[in-house]
Amino acid sequence: MRGRETEYDEVIRSWSEDAEAFWLDMAKGVDWHTPPTRALDESRAPIYRWFPDGELNVCQNALDRHVAAGHGDRTALIYDSPVTRTVERYSYADLLTHVARFAGVLRDQGVGTGDRVVIYMPMIPQAVIAMLACARLGAVHSVVFGGFAAAELAVRIDDTAPKAIVSASCGIERDRIVEYKPLLDAALQQSSLAPETVIVVQRPQHRCALIDGRDLDYDALMADPGLVPADPVPVKATDPLYVLYTSGTTGRPKGIVRDAGGHAVTLTWSIPHLFGLGPEDTIFTASDVGWVVGHSYIVYAPLLAGITSVLYEGKPIGTPDAGAFWRVVAQHGVNVLFTAPTAMRVIRKEDPQGKLLGEHSLASLDAVFLAGERLDPDTWEWTTARLAEATGRDVPVVDNWWQTETGWPIAANPLGLHRFPAKPGSPTLPVPGYDVRVLQADGTEAPRGTEGAVAIRLPMPPGTLATVWGDDDRFVSSYLSTFPGYYLTGDGGMIDEDGYVYVLGRTDDVINVAGHRLSTGALEAAIASHPAVAECAVIGVKDEVKGQTPRALVVVGDAAEVDRDELRRELVALVRAEVGPVAALKQVDIVAALPKTRSGKILRKTMRQIADSQEAPVPSTIEDPAVLDTVARVLRPQGP
Numbered sequence: 001m002r003g004r005e006t007e008y009d010e011v012i013r014s015w016s017e018d019a020e021a022f023w024l025d026m027a028k029g030v031d032w033h034t035p036p037t038r039a040l041d042e043s044r045a046p047i048y049r050w051f052p053d054g055e056l057n058v059c060q061n062a063l064d065r066h067v068a069a070g071h072g073d074r075t076a077l078i079y080d081s082p083v084t085r086t087v088e089r090y091s092y093a094d095l096l097t098h099v100a101r102f103a104g105v106l107r108d109q110g111v112g113t114g115d116r117v118v119i120y121m122p123m124i125p126q127a128v129i130a131m132l133a134c135a136r137l138g139a140v141h142s143v144v145f146g147g148f149a150a151a152e153l154a155v156r157i158d159d160t161a162p163k164a165i166v167s168a169s170c171g172i173e174r175d176r177i178v179e180y181k182p183l184l185d186a187a188l189q190q191s192s193l194a195p196e197t198v199i200v201v202q203r204p205q206h207r208c209a210l211i212d213g214r215d216l217d218y219d220a221l222m223a224d225p226g227l228v229p230a231d232p233v234p235v236k237a238t239d240p241l242y243v244l245y246t247s248g249t250t251g252r253p254k255g256i257v258r259d260a261g262g263h264a265v266t267l268t269w270s271i272p273h274l275f276g277l278g279p280e281d282t283i284f285t286a287s288d289v290g291w292v293v294g295h296s297y298i299v300y301a302p303l304l305a306g307i308t309s310v311l312y313e314g315k316p317i318g319t320p321d322a323g324a325f326w327r328v329v330a331q332h333g334v335n336v337l338f339t340a341p342t343a344m345r346v347i348r349k350e351d352p353q354g355k356l357l358g359e360h361s362l363a364s365l366d367a368v369f370l371a372g373e374r375l376d377p378d379t380w381e382w383t384t385a386r387l388a389e390a391t392g393r394d395v396p397v398v399d400n401w402w403q404t405e406t407g408w409p410i411a412a413n414p415l416g417l418h419r420f421p422a423k424p425g426s427p428t429l430p431v432p433g434y435d436v437r438v439l440q441a442d443g444t445e446a447p448r449g450t451e452g453a454v455a456i457r458l459p460m461p462p463g464t465l466a467t468v469w470g471d472d473d474r475f476v477s478s479y480l481s482t483f484p485g486y487y488l489t490g491d492g493g494m495i496d497e498d499g500y501v502y503v504l505g506r507t508d509d510v511i512n513v514a515g516h517r518l519s520t521g522a523l524e525a526a527i528a529s530h531p532a533v534a535e536c537a538v539i540g541v542k543d544e545v546k547g548q549t550p551r552a553l554v555v556v557g558d559a560a561e562v563d564r565d566e567l568r569r570e571l572v573a574l575v576r577a578e579v580g581p582v583a584a585l586k587q588v589d590i591v592a593a594l595p596k597t598r599s600g601k602i603l604r605k606t607m608r609q610i611a612d613s614q615e616a617p618v619p620s621t622i623e624d625p626a627v628l629d630t631v632a633r634v635l636r637p638q639g640p
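Residue numbers are given in full-length UniProt numbering: position 104 of the sequence shown equals residue 104, and the series is strictly consecutive.
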């Protein structure tokens with residue numbers, strides 16, 4: 001058992017005894033134009049709304065209030081771009097000046113409260129400025145990561161019908177320039193609801209041609225001496241702040257709507273209580289502002305809490321090497337590094353002994369948070385051990401589990417409340433506000449230690465998705481209808497006797513071998529424990545006798561010198577020993593890389609469809625189509 005009561009337990013008890021009073025008290029952490037008198041509106045259940053009578057401005061909370069409190073000189077944003085060899089620092093006062101001016105630009109282009117603005121940008125400060133400028137006006141931003149395919153960008157433009165688009169001339173990878181303007185122009189040609197205004201940041205690495213009468217130069221607009229900066233516009237707490245699309249393969253995209261009030265309250269609360277960060281601290285979230293982690297923990301949460309955030313334009317390896325993240329931590333005095341397990345795995349593959357890690361002083365580093373996909377125990381153990389070797393300290397490696405839909409962690413080790421003993425493979429305990437349950441197929445609760453569907457009892461806490469853009473019915477049918485009274489996460493897992501949550505993978509990543517249901521996550525954990533394995537994925541493929549059989553795809557570490565046939569035999573034996581003979585793993589394919597989305601999620605479903613000779617739509621968010629093509633030839637040798 002977990003032992004004596006902690007501050008976490010006190011907070012859980014306070015929330016569970018009177019959620020209304022708990023959230024109204026948490027709401028005092030932000031500034032309100034009209035403070036809410038009610039926490040929860042249940043009139044349209046199962047669609048719930050938070051702080052229905054409150055009014056605020058999220059940008060004002062992120063910038064103006066810190067400047068007004070005398071903290072204008074504090075660093076808000078550090079732009080670190082190894083691909084352009086640039087480091088820039090923006091104080092809260094600096095950032096406020098830029099944001100208020102760009103909000104004035106948008107206002108002068110006709111953007112007002114409730115209007116949508118699509119932001120199609122690389123990881124540059126102007127992306128953050130554009131997001132906050134929209135929030136300042138009460139406009140709704142929809143960020144699409146730079147370089148997204150034209151057809152998919154067009155679909156998102158048509159879904160939100162934006163008043164304007166803010167883009168850049170190019171993105172910069174470690175070995176090439178990615179021109180955005182041709183992609184954007186193609187998307188606008190395909191779109192039936194293209195806006196009349198496009199604002200373009202011209203980067204010095206590549207300047208693009210602007211179309212007269214539609215395209216406007218960002219720098220010229222911002223330099224206009226007649227420009228009047230915009231003041232923050234109060235909006236209802238229930239008004240949308242942004243729309244962010246989940247990655248999908250077919251059909252109309254699913255735009256997750258985040259409302260203003262609940263988002264501000266929960267993210268402000270999360271920085272000290274979940275991440276253990278205070279006003280003088282710095283967080284480096286190695287994500288993209290096109291993803292939910294970037295929205296929440298590069299932009300909004302750090303600025304709402306008044307701390308420093310690092311905006312990084314680079315990769316975990318190759319810019320210039322696998323020590324890139326550790327260099328950023330050392331150079332900027334980072335207290336918390338937040339990235340994806342995939343990043344740690346590719347760093348491990350390049351630097352298995354952590355030699356590059358040891359070349360940088362990590363004296364400031366208090367914790368590493370990993371999220372975005374399942375954190376396998378082997379990656380957790382490697383990261384923990386290498387940090388201990390490099391620092392001589394016990395630096396916690398915190399697995400935290402959440403989704404685009406929730407906007408902030410569902411389960412985590414809440415360092416600001418209490419540091420619980422870690423259990424590899426578990427993101428620890430439910431975050432206050434989330435009533436996490438594991439349900440059986442009939443909707444009844446599964447016994448402790450028994451696998452089932454992970455669900456969250458309604459109402460979900462503030463800051464989670466308000467609905468699907470333009471489609472309440474789709475919101476209900478997609479998330480709330482399988483188990484009435486619950487939000488279906490789509491993940492399978494269990495809760496152990498100590499209340500620790502285990503998320504074992506998407507429910508469609510459960511395979512059925514001769515009537516035995518097996519989590520691919522369990523098989524992957526066994527395979528990943530082999531010292532020669534840098535990364536792996538297990539999929540279930542059709543079998544006429546057993547229904548499905550597992551098939552493993554394995555990436556070998558750069559430093560590993562192995563006989564491939566021997567490695568295959570060892571991995572089969574390892575799975576048999578750790579999971580059992582029922583797993584029946586026989587086929588192990590060694591590949592150079594695994595296909596992933598840009599956020600680092602491995603495309604298991606797509607690979608399974610290829611292996612089963614099914615139509616396999618390629619996700620629009622794929623990082624490198626060439627990797628998928630190579631793996632497809634392994635999975636389906638008769639293919640092209």
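Ideal placement from N, C-alpha and C gives every residue a C-beta, glycine not left out.
Keep in mind the model is a prediction, meaning the values are calculated, not measured.
Own chain partners of residue i with C-beta closer than 8 angstroms, once the 5 adjacent residues on each side are dropped
{"i": "R419", "result": "P396 and N413"}
{"i": "D253", "result": "For the record, residue 253 in the displayed sequence is Pro; it is not Asp. For P253, where only same-chain residues beyond five positions count, the Cβ hits under 8 angstroms are E152, V155, R156, D159, Y245 and T246."}
{"i": "H98", "result": "Y90, P125, I129 and M222"}
Length of the line joining the Cα atoms of residue i and residue j
{"i": "residue 642", "j": "A385", "result": "Here the chain covers residues 1 to 640 and nothing more, so residue 642 does not appear."}
{"i": "V166", "j": "V30", "result": "29 angstroms"}
{"i": "V336", "j": "D212", "result": "45 angstroms"}
{"i": "R448", "j": "M494", "result": "7 angstroms"}
{"i": "G248", "j": "E405", "result": "Residue placement at G248 is flagged as unreliable, the pLDDT there being 46, under the threshold of 50; a coordinate-derived value is accordingly withheld."}
{"i": "R49", "j": "E42", "result": "7 angstroms"}
{"i": "D239", "j": "E350", "result": "46 angstroms"}
{"i": "W382", "j": "L274", "result": "23 angstroms"}
{"i": "H71", "j": "A632", "result": "54 angstroms"}
{"i": "T250", "j": "R4", "result": "With a pLDDT of 43 at T250, under the threshold of 50, the modelled position of that residue is not reliable, and the figure given next carries that caveat. Distance between the alpha carbons of T250 and R4: 50 angstroms."}
{"i": "T285", "j": "V328", "result": "11 angstroms"}
{"i": "S481", "j": "A411", "result": "23 angstroms"}
{"i": "A133", "j": "A100", "result": "7 angstroms"}
{"i": "V556", "j": "D563", "result": "11 angstroms"}
{"i": "G392", "j": "F102", "result": "46 angstroms"}
{"i": "E535", "j": "P272", "result": "33 angstroms"}
{"i": "H33", "j": "E55", "result": "5 angstroms"}
{"i": "A442", "j": "F483", "result": "The sequence as given places Asp at residue 442; Ala does not occur at that position. Looking at the two C-alpha atoms, the distance is approximately 9 angstroms."}
{"i": "D321", "j": "F475", "result": "43 angstroms"}
{"i": "C170", "j": "D219", "result": "15 angstroms"}
{"i": "A577", "j": "L488", "result": "33 angstroms"}
{"i": "L594", "j": "D224", "result": "48 angstroms"}
Same chain, Cβ closer than 7 angstroms to residue i, neighbours up to 5 away in sequence not counted
{"i": "residue 648", "result": "Lying before the first or after the last residue shown, residue 648 is absent from the chain, which here runs from 1 to 640."}
{"i": "D629", "result": "none"}
{"i": "L635", "result": "M607, I610 and A611"}
{"i": "L375", "result": "P341 and D399"}
{"i": "V503", "result": "R374, W401, P427, V454, D491 and G493"}
Cβ shell of residue i (< 6 angstroms), same chain only, five flanking positions each side left out
{"i": "V601", "result": "Note that residue 601 corresponds to Lys in the displayed sequence, not to Val. Contacts found: E373."}
{"i": "T197", "result": "Q109 and A164"}
{"i": "S14", "result": "F22"}
{"i": "L357", "result": "W326, R386 and A390"}
{"i": "T379", "result": "P341, M344 and R345"}
{"i": "G294", "result": "S287 and D288"}
{"i": "L183", "result": "A150"}
{"i": "M121", "result": "A127, G146 and A168"}
Residue i and residue j closer than 7 angstroms at C-beta
{"i": "A62", "j": "L303", "result": "yes"}
{"i": "G499", "j": "L429", "result": "yes"}
{"i": "A150", "j": "R203", "result": "no"}
{"i": "A532", "j": "L567", "result": "yes"}
{"i": "L77", "j": "S296", "result": "no"}
{"i": "W408", "j": "V243", "result": "no"}
{"i": "H141", "j": "G306", "result": "no"}
{"i": "R588", "j": "A552", "result": "Sequence inspection shows Val at residue 588; the Arg mentioned does not correspond to that position. Yes, the Cβ-Cβ distance between V588 and A552 is below 7 angstroms."}
{"i": "A127", "j": "V228", "result": "no"}
Using a Cβ distance threshold of 8 angstroms, determine whether the segment 226–240 contacts the segment 202–216, with at least three qualifying pairs required. no
Quick one: any contact between the segment 72–87 and the segment 308–316, if contact means 3 or more CB pairs under 8 angstroms? yes
Runs of 3 residues minimum, wholly inside the segment 338–383: which ones carry the beta strand (DSSP E) assignment? 367–370
Which whole runs of the alpha helix (DSSP H) in the segment 213–247 are 4 residues long or more, in chain order? 218–223
Go through the segment 285–337 residue by residue and report every complete run of the alpha helix (DSSP H) that reaches 4 residues or more, in order. 301–305 and 324–332
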